[in-house]
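Numbering (this note's numbering), first residue to last: 76 to 265.
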Amino acid sequence: MSSEKIEKSLFDTVILKIKQNLKLILSILVLLILILASIFFFQEQTKKKNIFISDQFNKAKILINKKQTEEAKTILVEIIQNKNKFYSPLSLYLIIENNLEEDSKKILDLFNKVISNKKIDDENKNLILIKKGLFFSSLNDEQNMLKTLNPIVNSDSVWRPQAIKVLGNYFYNKGEKQKSNEYFNLLKTK
Numbered sequence: 076m077s078s079e080k081i082e083k084s085l086f087d088t089v090i091l092k093i094k095q096n097l098k099l100i101l102s103i104l105v106l107l108i109l110i111l112a113s114i115f116f117f118q119e120q121t122k123k124k125n126i127f128i129s130d131q132f133n134k135a136k137i138l139i140n141k142k143q144t145e146e147a148k149t150i151l152v153e154i155i156q157n158k159n160k161f162y163s164p165l166s167l168y169l170i171i172e173n174n175l176e177e178d179s180k181k182i183l184d185l186f187n188k189v190i191s192n193k194k195i196d197d198e199n200k201n202l203i204l205i206k207k208g209l210f211f212s213s214l215n216d217e218q219n220m221l222k223t224l225n226p227i228v229n230s231d232s233v234w235r236p237q238a239i240k241v242l243g244n245y246f247y248n249k250g251e252k253q254k255s256n257e258y259f260n261l262l263k264t265k
């Protein structure tokens with residue numbers, strides 16, 4: 076019998092504590108529900124935004140095929156402005172690949188917008204920097220190409236060998252064999 080009394084006493088104590096802290100318990104439950112609802116709402120909004128950007132990207136590709144390049148360019152620039160980690164770089168590449176923008180300063184501004192996107196991880200930024208270096212190469216802007224690619228060459232990035240090859244090939248095609256060999260020899264180190 077004494078164990079029944081102890082259980083009843085323990086049960087009564089728990090009930091009493093719950094009654095005393097009912098407001099606190101309800102507040103915590105409401106707060107948890109609000110936090111969970113906010114998380115689900117944010118995830119759903121992000122998903123809808125990604126679907127919308129994906130649709131816009133596909134629309135721009137269709138417009139390019141229909142030779143409606145100005146409208147396509149407007150959509151692609153807007154995607155870059157939205158700073159989507161996946162579609163912003165793709166939009167930039169599509170603009171360059173299809174010669175939708177002739178002003179090299181505007182293209183460099185678009186590169187900088189994509190590179191400044193905090194959602195893109197470092198290795199993907201390095202890939203974008205290599206493409207920016209190739210763009211400088213096409214402009215014969217050696218100084219900016221070196222400024223863009225040398226940090227990758229001097230890093231442990233997975234894109235380091237590719238950056239070295241870009242610079243080595245650039246100097247080889249310019250007829251500067253010694254500089255070219257210096258870069259290609261870097262492939263043998265590290």
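A virtual CB, placed ideally from N, CA and C, is assigned to each residue, including glycine.
Mind reading off the beta-carbon distance from residue 157 to residue 128? Whole number of angstroms is fine, and I expect it under 8 Å.
-> Here residue 157 refers to the residue found at position 82 when the sequence shown is read from its first residue. Here residue 128 refers to the residue found at position 53 when the sequence shown is read from its first residue. Yes, they are in contact, since the Cβ atoms of residue 157 and residue 128 sit about 6 Å apart, within 8 Å.
Got a sec? Which residues, its chain only, sit under 6 Å from residue 176 by beta carbon, not counting five neighbours each side?
-> By 1-based counting over the sequence shown, the position of residue 176 is 101. For residue 176, the CB contacts under 6 Å within the same chain, skipping 5 residues up- and downstream, are 170, 182 in chain order.
What did DSSP end up calling residue 175 once you bin it into helix, strand or coil?
-> On the sequence shown, residue 175 is found 100 positions in, with the first residue counted as 1. Looking at residue 175 - three-state DSSP - the assignment turns out to be coil, as it is neither helix nor strand.
With 16 as the cutoff for other CB atoms within 10 Å, does residue 159 come out buried or exposed?
-> Numbered from its first residue, the sequence shown carries residue 159 at position 84. Buried: at least 16 other Cβ atoms inside 10 Å.
Flag this pair as yes or no: are the beta carbons of residue 167 and residue 185 separated by less than 9 Å?
-> Counting from 1 along the sequence shown, the entry for residue 167 is found at position 92. Counting from 1 along the sequence shown, the entry for residue 185 is found at position 110. Contact flag set, yes.
Closest Cα partner of residue 264 within the set 249, 245, 228, 130 | For the purposes of this step, residue 264 is identified with residue 189 of the sequence shown, where counting begins at 1. Among 249, 245, 228, 130, the Cα nearest to that of residue 264 belongs to 228.
Helix, strand or coil: how does DSSP classify residue 106 here?
-> Walking along the sequence shown from the start, residue 106 turns up at place 31. In this structure, residue 106 counts as helix in the three-state DSSP scheme.
Whole alpha helix (DSSP H) runs in the segment 146 to 175 with 4 or more residues, listed along the chain?
-> 162 to 172
Residue 228 by DSSP, collapsed to three states: which one?
-> The sequence position of residue 228 within the sequence shown is 153, counting from 1. In the structure shown, residue 228 sits in a helix (DSSP, three-state: H, G or I).
Range of the contiguous alpha helix (DSSP H) that encloses residue 197 = Looking up residue 197 in the sequence shown gives position 122. Where residue 197 is concerned, the enclosing alpha helix (DSSP H) stretches over 197 to 213.
What number of angstroms, rounded off, separates the C-alpha of residue 256 from the C-alpha of residue 197?
-> Along the sequence shown, read from residue 1 onward, the residue named residue 256 stands at position 181. Along the sequence shown, read from residue 1 onward, the residue named residue 197 stands at position 122. Approximately 28 Å between the Cα atoms of the pair.
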